[in-house]
Amino acid sequence: LITAVNYNYRFYPLALQAHEIVQSGELGEIYTVRGGYQQDWLLYDTDWNWRLVPDEGGELRAVGDIGTHWMDLMSFITGLKVQSLLADLHTFVSPRKKPRQAVATFKSKEQSSPAQDATQNEVYDNVDIQTEDWGSVLFQYAGGARGCMNVSQVHAGRKNQLTFEIAGSKAAIAWNGERPNELWIGRRDRPNEILIKDPSLLSGAALAHSSYPGGHAEGFADSFKQLYRAIYDYLA
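Under this note's numbering, think of the first position of the sequence shown as 61, with each following residue one higher.
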């Protein structure tokens, strides 16, 4: 039985290129890994979703829902294995107003904002929240590298911002999932670079999973396509 976990962020072309860069030794020995995932869709006490309920979404929410995407991506790109960690988890918004009617995830308009009378036309139950809105995790990796991750689902203005920065003894790289076609490359003794997604500049799996010519952006939906393609290639 072939199985796969839908960690699609691995399949952005420049995430794959970051993997190629790290594994080639271009960064040297990896010293630090940092970044995280920020969202704002649960900022208000009137925002509700099944993920808030431990019996439905699990005891970890921000870390389990979005933090695992970041941790998987860092494991894939660097190959580093976590030896130990220290986590600080916190719930800022509790209680929340749970509407008695069904609510869609990521709907186009929030149920309400603090400037609105949220209860004027809707019936709510006040529910104490046991899952975290925010989490900060420190990692110790085998071999001596260190890492830190910050995740939040109550960060105003950030819709789905996954970021990482990997620093080594020779160079560093950084990527922002809201600008997925740019990879920053940092150096001490010569100008830094911005690598723009262009198949002619990519190598290995990054080239194999880049569908469009330079100048044509590849985004969130394309990452799922490339993940499914990798599964079908494996089955073949």
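C-beta atoms are modelled at their ideal positions from N, C-alpha and C, and glycine is treated no differently. Values in this document were obtained by computation on a predicted structure and should not be read as measured data.
Taking 8 Å as the cut-off, decide whether the C-beta atoms of residue i and residue j are in contact.
i              : j                 : result
serine 271     : tyrosine 72       : no
isoleucine 126 : glutamine 99      : yes
arginine 315   : valine 197        : The shown model of the chain, from 61 to 296, leaves out residue 315, and the question about it has no answer.
valine 211     : glycine 195       : yes
threonine 92   : alanine 234       : no
aspartate 193  : phenylalanine 152 : yes
glutamate 80   : serine 263        : yes
If distances are taken between C-alpha atoms only, which option among the options comes closest to residue i?
i             : options                           : result
glutamate 238 : Thr223, Arg247, Gln200 and Asn68  : Thr223
aspartate 258 : Asp148, Pro240 and Ala122         : Pro240
proline 16    : Thr106, Gly124 and Tyr69          : The requested residue 16 is not part of the displayed model; the chain covers only 61 to 296.
arginine 111  : Lys158, Ile137 and Arg94          : Lys158
leucine 76    : Ile291, Phe199, Ala216 and Ala265 : Ala265
alanine 277   : Arg94, Phe199 and Glu242          : Glu242
Could you tell me if residue i is buried or exposed, where buried requires 16 or more neighbouring beta carbons within 10 angstroms of its beta carbon?
i             : result
tyrosine 294  : exposed
aspartate 148 : exposed
alanine 227   : buried
leucine 146   : exposed
tyrosine 97   : buried
tyrosine 104  : buried
Please tell me whether residue i has its Cβ less than 8 Å away from any Cβ of chain C.
i           : result
leucine 149 : Judged by its chain identifiers, the structure shown contains no chain C, having just a single protein chain.
Using a Cβ-Cβ cutoff of less than 6 Å, which residues in the same chain neighbour residue i once the five nearest sequence positions on both sides are dropped?
i             : result
aspartate 132 : Tyr67
leucine 287   : Asn68 and Phe71
serine 229    : Gly88 and Glu89
alanine 175   : Confidence in alanine 175 is poor, its pLDDT being 45 and thus under 50, which makes the residue's placement too unreliable to answer from.
Is it the case that the CB of residue i approaches a heavy atom of the ligand NAD more closely than 7 Å?
i          : result
valine 123 : Absent from the structure shown: the ligand NAD. Ligands present: none.
Identify every residue that forms a DSSP beta bridge with residue i.
i              : result
aspartate 185  : Lys158
valine 224     : The sequence given here places phenylalanine at residue 224; valine does not occur at that position. DSSP, once it has assigned bridges, lists Gly95 and Trp235 as partnering phenylalanine 224.
tyrosine 201   : Val142
asparagine 210 : Gly96 and Ser196
tryptophan 130 : Paired residue(s): none; tryptophan 130 is not in a bridge.
Go through its chain and collect everything with a Cβ distance to residue i's Cβ below 7 Å, but skip five positions before and after it.
i            : result
tyrosine 201 : Leu140, Lys141, Val142, Gln143 and Gly207
Can you list, in chain order, the residues of its chain whose CB lies under 8 Å from that of residue i, leaving out five sequence neighbours each side?
i          : result
lysine 219 : Gln99, Asp100, Trp101 and Glu238
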